Amino acid sequence: MATRTDFEKAFFNPENSLYRRAVLMFALANGPDWKAWAAVGDAQNQPNFYNDIGFLACYHVYRNDPNVGRTIQMRDFMLARNSTDCGFLADPINRDSETRKLAKANVREAIVGFQTGPNKGNSGQASLNVYNAVYSEMWLHGAALRQLIAMPGFASATRNLGANVAAVKNDKDKSFWLSSLVARFSGSSATSQRFGQTFDTDKLGLTGTDSGPVIGRSRSNAIVMGGHRG
């Protein structure tokens, strides 16, 4: 089974957009139906895994260049849409933790700082500190990422990328989840047009090639190079 160190070496390697895509497609193919999962709303206390990887892929980019548009869009992974739709909520296991409460409060302050404050660098660092804490919490016992890497077949995510992509394409709700995030991050959705493109969806793994040369191995996980550099 992969360890946290194995996972981080592969996932946060700027060359490995294809690995990030493989992990995301594995999570989508093996996670629950999005609409059924989201409909639990405020009572949802289990991860669907693809929201968690979506957040993590954004975090991979955000930690190098935080800005107000990215901060607002990453905030969506922290909040349920409403009592009957938990939407893109990441790691609901820890949604009521002190870390998460602090994150939601500090992110609101950071957004205001980005928009109106004279020292935007401090706003970026403050929001980054928040997301660092959220990410660490996702590795606690029973939390989303620890569950994900223990799932059967995770070690073969890269090898089975084609099959997982096909499974996602054949699932209307999961395909809609994917296209929703692509539209949001590319600035083509109604609510994201004011920000323009906030994240390169190829680098996140939401879009891109589905094969590439192996450039190394992280124990049981192949490290592969996608068509785009981070």
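Residues 892 to 1121 in our numbering are what the sequence shown lists, from first letter to last. Cβ coordinates follow ideal geometry from the N, Cα and C atoms, glycine included. For clarity, every value in this text was computed on a predicted model and none was experimentally measured.
Whose CA, out of the options, lies closest to the CA of residue i?
i, options, result
"LYS1094", "LEU1019, PHE1045 and VAL952", "VAL952"
"THR975", "LYS926, ASP987, SER1070 and THR1082", "LYS926"
"ASP897", "LEU970, ASN985 and ILE1040", "ILE1040"
"GLN935", "PRO983, CYS949 and ALA893", "PRO983"
"VAL998", "TRP1068, LEU970, GLN1038 and PHE1067", "LEU970"
"ASP957", "SER1018, LEU947, ARG986 and ASP987", "Looking at the sequence itself, residue 957 is Pro, so the reference to Asp does not match. Per the Cα distances, SER1018."
"GLN937", "ARG986, VAL1073 and ASP1101", "ARG986"
"GLY1087", "LEU947, TYR950, PHE946 and GLY960", "GLY960"
"SER988", "GLN1038, SER1066, LEU1031 and SER1070", "LEU1031"
Under 7 Å Cβ to Cβ from residue i, same chain only, skipping five residues before and after it: list those, please.
i, result
"ASN942", "PHE968, PHE979, LEU980 and ALA981"
"ASN1020", "none"
"ILE944", "VAL914, LEU915 and ALA918"
"LEU1072", "GLY945 and LEU1097"
"SER1066", "VAL1059 and LYS1060"
What does the alpha-carbon distance come out to for the pair residue i and residue j?
i, j, result
"ARG895", "LEU1036", "9 Å"
"ASP1064", "ASP924", "7 Å"
"GLN964", "ARG954", "14 Å"
"GLN1084", "GLY932", "27 Å"
"ALA930", "GLY1078", "26 Å"
"ASN1051", "ALA1081", "34 Å"
"GLY1107", "PHE902", "Any reading at GLY1107 must be qualified, since the residue scores a pLDDT of 34, below 50, and its modelled position is unreliable; no value is offered."
For residue i, which residues of its own chain have a beta-carbon under 6 Å away from its beta-carbon, when the five flanking residues on both sides are left out?
i, result
"GLN922", "Note that residue 922 is Gly in the sequence shown here, rather than Gln. Hits under 6 Å: ASN939, PHE940 and TYR941."
"MET1029", "ASP982, ALA1035 and LEU1036"
"ARG1075", "SER1083"
"ALA1048", "ALA913, VAL914 and PHE917"
"ARG966", "VAL998"
"TRP928", "ASN939"
Three or more C-beta pairs below 8 Å linking the segment 1049 to 1061 and the segment 904 to 924: yes
Are three or more beta carbon pairs between the segment 1059 to 1067 and the segment 1033 to 1049 nearer than 8 Å? no
Given 8 Å as the limit, is there contact between the segment 982 to 996 and the segment 1015 to 1026, that is, 3 or more CB pairs closer than that? yes
Uninterrupted alpha helix (DSSP H) stretches inside the segment 946 to 1022 (no shorter than 4 residues): 959 to 966 and 989 to 1007
Report the start-end ranges of each alpha helix (DSSP H) in the segment 1035 to 1083 that is 4 residues or longer and not cut off at the edges. 1035 to 1040, 1052 to 1060 and 1063 to 1077
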